[in-house]
Amino acid sequence: MGSNMVGLVEKYLLDKIKNEGTIHMTLVDPEKVTPESASTLAKDAEACGSAAIMVGGSTFVSTSQLDAVVKSLKESVEIPIILFPNNVTGITKYADAIWFMSLLNSADPYFLVGVQVLGAPIIKKFGLEPLPLGYIIVGEGGTVSVVGKAVPIPYNKPELVAAHALAAEYFGMRFVYLEAGSGVGNPVPSEMVKFVKSVTNVPVIVGGGIRTGEQVKKIVNAGANIIVTGNVLEENKGSHKIRELIDNMKACNKTS
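Quick note, the sequence shown lines up with residues 11 to 266 if you use this note's numbering.
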């Protein structure tokens, strides 16, 4: 299989987007859970209609903890487990796929290409499916912009974000991620999502600060293909909140 061929997880995501509209992913921070609590969280997310579980955080994690959490997730749910690494320590052989991403607005070449060079042989060795992703930090950026030495693009500069997204597409990256940062005040504005969608042909993922059904509706109606939420589950310790978010997303899918 050539490396440019679409793998099973990517095909699953693209088919789901094509058939259902916007899809939801649940982000699990391996540092904030035990293998047991991660398992409960993932089962809840799957039952509510989440399409995949992403595993990653913006700080540093022990690889044994990551292994244990991902193993537990894998045993608990049928939906794919996709790694969302912040560094080479964010890779484990127990997942299905990995966002192979470049932080496009980092001022540090390490996060643009250095860490990817270190990670690539590990990904090959572990047999993980790489999902090529252009990662763009916008707005406040949160912890992730500090760790990744990013210069977040302000919310009032959608054309600059769109230019980054287009560059990602022209590089051959097959997904673009607009990241507002974990637990930040405001999610990515719908105008920005709409602008990016108007210029790029690759699926657009939106994450960070999404907490209400109303916010979900705006982002879905702006054209986002994938919505990622993480902290709502951690904060609410239950599935009622995530169900509300996913139900709002599905309602928009039906009407569009």
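Glycine included, every Cβ here is placed at the ideal spot set by N, Cα and C.
Keep in mind that this is a model prediction, so the values were computed, not measured.
Three or more Cβ pairs drawn from the region 21-37 and the region 211-230 lie within less than 8 Å of each other, which places the two stretches in contact.
Uninterrupted beta strand (DSSP E) stretches at least 3 residues long and entirely within the region 195-259 occur at 214-217, 236-239, given in chain order.
Comparing C-alpha distances from K135 to each of V79, T102, V123 shows the shortest one belongs to T102. Distance from G158 to V194 at the Cβ level is roughly 15 Å; contact not present, criterion being Cβ atoms closer than 8 Å. About 7 Å separates the beta carbon of I252 from that of T36, a gap short enough to meet the 8 Å contact definition. An exposed status is given to P164, since fewer than 16 other beta-carbon atoms sit within 10 Å of its beta-carbon.
Counting along the chain, the unbroken alpha helix (DSSP H) around F136 starts and ends at 125-136.
DSSP, reduced to helix, strand and coil, places L93 within a strand of the structure shown. Taking the Cβ atoms as the reference, V148 lies roughly 7 Å from E189, within the contact range of under 8 Å.
For secondary structure counted as the alpha helix (DSSP H) over 4 or more consecutive residues, the region 53-102 holds these complete runs in sequence order: 73-86.
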